[in-house]
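Reviewing the structure listed below.
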Amino acid sequence: MPVSLQVLYPTENNTTFDHEYYTSKHLPIVSEHMGPHIDKTLIIKGLAGGPDTPAGFHVVATMTFTDQASLDSALAAAGPALEDIPNFFSGQPQMLIGEVKG
2 MPVSLQVLYP
12 TENNTTFDHE
22 YYTSKHLPIV
32 SEHMGPHIDK
42 TLIIKGLAGG
52 PDTPAGFHVV
62 ATMTFTDQAS
72 LDSALAAAGP
82 ALEDIPNFFS
92 GQPQMLIGEV
102 KG
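Under my numbering, the first residue of the sequence shown carries the number 2, and numbering increases by one thereafter.
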């Protein structure tokens with residue numbers, strides 16, 4: 002059964018997010034260490050939370066995996082990616098692991 006890992010970077014508490022660093026430095030680190038286990042990746046830069054509403058997240062990164070074993074392998078290799086987070090985000094990211102339904 003396919004599973005997903007979402008990493009959400011909230012805008013609350015005046016957090017800062019360096020989009021240039023994230024794109025040019027962090028994503029290659031993720032690709033190098035976790036990429037062999039990832040099926041698909043989707044990166045969304047938050048623009049709004051609805052009409053006339055600020056975005057609640059700087060970025061939402063969604064990675065899908067063919068099965069739980071692939072996700073487990075990716076998480077086991079994620080150390081360098083996790084250690085890199087303070088280089089572009091001033092807060093604590095949220096994570097959601099889920100079953101892909103569609």
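Heads up, the beta-carbon is just placed ideally off N, CA and C, and yes, glycines get one too.
None of these values were measured; they are calculated from a predicted model.
Put simply, the segment 68 to 86 does not touch the segment 43 to 60. Fewer than three CB pairs are less than 8 Å apart.
Per DSSP, the beta bridge partners of residue 64 are 6 and 42. In terms of Cβ geometry, residue 60 and residue 45 form a close pair [threshold 8 Å]. The DSSP-derived three-state label of residue 16 is coil. DSSP, reduced to helix, strand and coil, places residue 69 within a helical segment of the structure shown.
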